[in-house]
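Visitor: Taken in sequence, the protein lines are chains V and F.
The working numbering numbers the first residue of the first sequence as 9 and each following residue consecutively.
The working numbering numbers the first residue of the second sequence as 230 and each following residue consecutively.
Idealized CB from N, CA, C, for every residue including glycine.
Quick one: structure below, then a few questions.
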Amino acid sequence: MSARVLGLRALPVTFLIFVIEALFAAFASWPNGVELTAKLSSLSLDPSALRELGAIAKGFARGHGLAVLAMLVLAPWLHMSWLIMLSEPQSPARALARGVGRVPRAWLIALVLLVMFALCGLPFVGLAYGVTRSLSDAPDARRHDLALAGALLPLIPLAFYFHVANDLARAAALEVRTLRSIFRGLRTALRPTAFLAASGAALVGVLLPLAAHASSWQLGVLPATMLLQSVLFMRLVVRAAWLGHALALVRPTVVVDA
Amino acid sequence: SVLRPLLFDGEPSEVRITSARTGYDVDDYLTHVRARRSGVALPTWLAVYGADGRVLARAPWPASDDELRLDVHTRARVARVVLDPDRALLLDPDTADQVVDLRPRTSNALLGQLLAASQLLLAWLGP
Numbered sequence: 009m010s011a012r013v014l015g016l017r018a019l020p021v022t023f024l025i026f027v028i029e030a031l032f033a034a035f036a037s038w039p040n041g042v043e044l045t046a047k048l049s050s051l052s053l054d055p056s057a058l059r060e061l062g063a064i065a066k067g068f069a070r071g072h073g074l075a076v077l078a079m080l081v082l083a084p085w086l087h088m089s090w091l092i093m094l095s096e097p098q099s100p101a102r103a104l105a106r107g108v109g110r111v112p113r114a115w116l117i118a119l120v121l122l123v124m125f126a127l128c129g130l131p132f133v134g135l136a137y138g139v140t141r142s143l144s145d146a147p148d149a150r151r152h153d154l155a156l157a158g159a160l161l162p163l164i165p166l167a168f169y170f171h172v173a174n175d176l177a178r179a180a181a182l183e184v185r186t187l188r189s190i191f192r193g194l195r196t197a198l199r200p201t202a203f204l205a206a207s208g209a210a211l212v213g214v215l216l217p218l219a220a221h222a223s224s225w226q227l228g229v230l231p232a233t234m235l236l237q238s239v240l241f242m243r244l245v246v247r248a249a250w251l252g253h254a255l256a257l258v259r260p261t262v263v264v265d266a
Numbered sequence: 230s231v232l233r234p235l236l237f238d239g240e241p242s243e244v245r246i247t248s249a250r251t252g253y254d255v256d257d258y259l260t261h262v263r264a265r266r267s268g269v270a271l272p273t274w275l276a277v278y279g280a281d282g283r284v285l286a287r288a289p290w291p292a293s294d295d296e297l298r299l300d301v302h303t304r305a306r307v308a309r310v311v312l313d314p315d316r317a318l319l320l321d322p323d324t325a326d327q328v329v330d331l332r333p334r335t336s337n338a339l340l341g342q343l344l345a346a347s348q349l350l351l352a353w354l355g356p
């Protein structure tokens with residue numbers, strides 16, 4: 009079965025995740041987001057108005073902190089339910105119920121990979137510290153900043169590698185034990201086909217919403233909202249297709265032809 | 230008295246819009262503009278533009294006034310308010326605070342954008 013078809017199989021769970029994200033975003037944006045947008049639409053540069061805007065923005069950020077925390081708690085359950093739904097045809101309710109049982113495994117995988125990422129990233133952080141110390145007295149501040157950015161730059165592909173490994177390990181964890189699934193995830197993430205497919209999905213997931221945001225400024229309220237929401241849903245469908253591909257890569261019983 | 234601080238003491242001559250709002254008022258549009266200056270006081274102009282880029286009104290701001298408080302009545306809706314539209318005050322280091330865009334952008338449209346951005350953030354951190 010192709011990854012695309014596997015991705016479509018999980019459409020009910022994909023839609024549920026979309027709804028949860030929308031509800032959390034609405035909760036985080038209410039009521040400060042409404043006030044913030046009202047203030048921004050009649051922007052005044054008066055210092056007292058800017059102070060008021062800052063206070064509303066602080067409340068807005070606080071609401072988002074809570075929503076992000078809630079999403080981080082729910083994410084492993086939703087991730088595992090998504091993978092279970094992708095692995096074999098079943099009702100969304102059953103997939104969500106089975107997903108609960110896989111949550112501890114999902115957390116453990118994330119924790120182990122996070123520690124591994126921290127250990128692998130340590131040399132680069134050390135390098136950045138060394139650069140900061142050795143170039144702190146340099147007359148050219150730009151040279152210092154470029155060297156610092158250069159030292160920290162490898163952390164981006166490293167973080168992405170562990171993110172891909174996390175997807176693959178959780179996919180493998182539906183079938184094998186935690187430790188084995190982590191090794192399988194780390195090994196499979198090194199395969200060029202896996203890395204390329206994950207990069208493609210991630211790129212679509214970043215560029216498509218950004219392009220929609222940029223173009224929606226020219227549209228009216230309704231078309232802009234419809235465009236943004238459909239692109240956000242499309243992003244999840246593309247991610248589901250990638251997770252279907254990940255399942256096929258780590259589980260020989262699922263054959264991929266795309 | 231103006232040239233010495235500008236040329237020899239490095240004094241700036243700054244003007245900035247502190248607030249600007251526009252709205253419909255009975256049979257025309259009323260735009261309130263407040264602006265302040267600092268450094269060496271030089272005379273300048275305030276211009277209001279329509280959505281088509283036409284100048285709807287120009288008002289002088291004499292050097293003797295530290296603050297500008299102006300109510301401008303126009304037949305067309307004001308899209309932009311600009312201080313020093315001829316860019317004559319070349320010693321003002323920041324010209325970004327001399328322009329205010331008053332084009333209507335409904336808060337609903339902004340809220341939709343904000344909501345989608347929040348969803349995207351949660352999606353990146355989510356499953």
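(1) At a CB-CB cut-off below 8 Å, which residues of chain V make contact with F/Gly387?
(2) With 9 Å as the limit, tell me which residues of the segment 339-355 of chain F have their beta carbon closer than that to any beta carbon of chain V; keep them in chain order.
(3) Quick one, are the C-beta atoms of V/Val258 and V/Ala180 less than 8 Å apart?
(4) Let me know if V/Ser223 comes out buried or exposed under the rule of 16 or more other beta-carbons within 10 Å of its beta-carbon.
(5) Which residue marks the beginning of the alpha helix (DSSP H) containing F/Trp290, and which one marks its end?
(6) Which residues in chain F have a C-beta closer than 8 Å to the C-beta of V/Ser37? List them in chain order.
(7) Would you mind telling me which residues of chain F sit closer than 8 Å to V/Met79, beta carbon to beta carbon, in chain order?
(8) What does V/Ala75 touch in chain F if you count any residue whose Cβ is under 9 Å from its own?
(9) Which residue comes first and which comes last in the alpha helix (DSSP H) that contains V/Asp153?
(10) List the endpoints of the continuous beta strand (DSSP E) containing F/Arg263.
(11) Which chain F residues are close to V/Gly41, counting only those with a beta carbon under 8 Å from its beta carbon?
(12) How would you call V/Asp265, buried or exposed, if buried means at least 16 neighbouring beta carbons within 10 angstroms?
(13) Which two residues bound the contiguous beta strand (DSSP E) that contains F/Ser242?
(14) Taking only three categories from DSSP, how would you classify V/Gly208?
(15) Taking its Cβ as the centre, do 16 or more other Cβ atoms sit within 10 Å of V/Val263, making it buried, or is it exposed?
(16) Just checking my contact of V/Gly193 with V/Ala177 at CB under 8 Å: how many whole Å lie between their CB atoms?
(17) Is the segment 248-268 of chain F in contact with the segment 289-299 of chain F, if contact means three or more CB pairs nearer than 8 Å?
(18) Note down, one range per segment and in chain order, each alpha helix (DSSP H) of at least 4 residues found wholly within the segment 72-110 of chain V.
(19) Please give the ranges of any alpha helix (DSSP H) in the segment 193-239 of chain V, keeping only runs that are unbroken, at least 4 residues long and fully inside the region.
(20) Residues of chain F with a CB under 7 Å from the CB of V/Ala34: which are they?
(21) Does chain F have any CB closer than 8 Å to the CB of V/Leu244?
(22) Would you mind giving the Cβ-Cβ distance between V/Ser89 and V/Val21, rounded to the nearest angstrom? I have them listed as a contact below 8 Å.
Guide: Reading it off the structure:
(1) No information on residue 387 of chain F is available, as it lies outside the stretch 230 to 356 that chain F covers here.
(2) If the cut-off is 9 Å between Cβ atoms, the segment 339-355 of chain F has Leu339, Leu340, Gly341, Gln342, Leu343, Leu344, Ala345, Ala346, Ser347, Gln348, Leu349, Leu350, Leu351, Ala352, Trp353, Leu354, Gly355 near chain V.
(3) Closer than 8 Å, so yes.
(4) Looking at its Cβ environment, which holds fewer than 16 other Cβ atoms inside 10 Å, V/Ser223 is exposed.
(5) Run containing F/Trp290: none in the alpha helix (DSSP H); it sits in the beta strand (DSSP E), 284-290.
(6) Those within 8 Å of V/Ser37 in chain F are Leu340, Leu343, Leu344, Ser347.
(7) Per Cβ cutoff of 8 Å: Leu351, Leu354, Gly355.
(8) Those are Ser347, Leu350, Leu351, listed as they occur along chain F.
(9) That run of the alpha helix (DSSP H) goes 149-160.
(10) Going by DSSP, F/Arg263 is part of the beta strand (DSSP E) stretching over 257-268.
(11) Neighbours of V/Gly41 in chain F, taken as residues at a C-beta separation under 8 Å, are given in chain order as Leu340, Leu343, Leu344, Ser347.
(12) Confidence at V/Asp265 is low in this model, with a pLDDT of 45, below 50, so the placement of that residue should be treated as unreliable; the coordinate-derived value is given next. Sixteen is the threshold: since fewer than 16 other Cβ atoms of the shown chains lie within 10 Å of the Cβ of V/Asp265, the residue is exposed.
(13) Unbroken beta strand (DSSP E) run through F/Ser242: 242-254.
(14) In the structure shown, V/Gly208 falls within a helical segment according to DSSP collapsed to helix, strand and coil.
(15) Reliability fails at V/Val263, whose pLDDT of 49 lies under 50, so the model's placement of it is uncertain and no value is given.
(16) Right, the Cβ-Cβ distance comes to about 3 Å (below 8 Å), so this counts as a contact.
(17) By the Cβ test, the segment 248-268 of chain F is in contact with the segment 289-299 of chain F, since at least three Cβ pairs between them sit closer than 8 Å.
(18) Inside the segment 72-110 of chain V, DSSP marks whole alpha helix (DSSP H) runs of 4 or more residues at positions 100-109, from first to last along the chain.
(19) Listed in chain order, they are 200-224.
(20) Under the 7 Å cutoff, chain F gives Leu344.
(21) True, the Cβ-Cβ gap to chain F drops below 8 Å.
(22) About 6 Å; that satisfies the 8 Å criterion.
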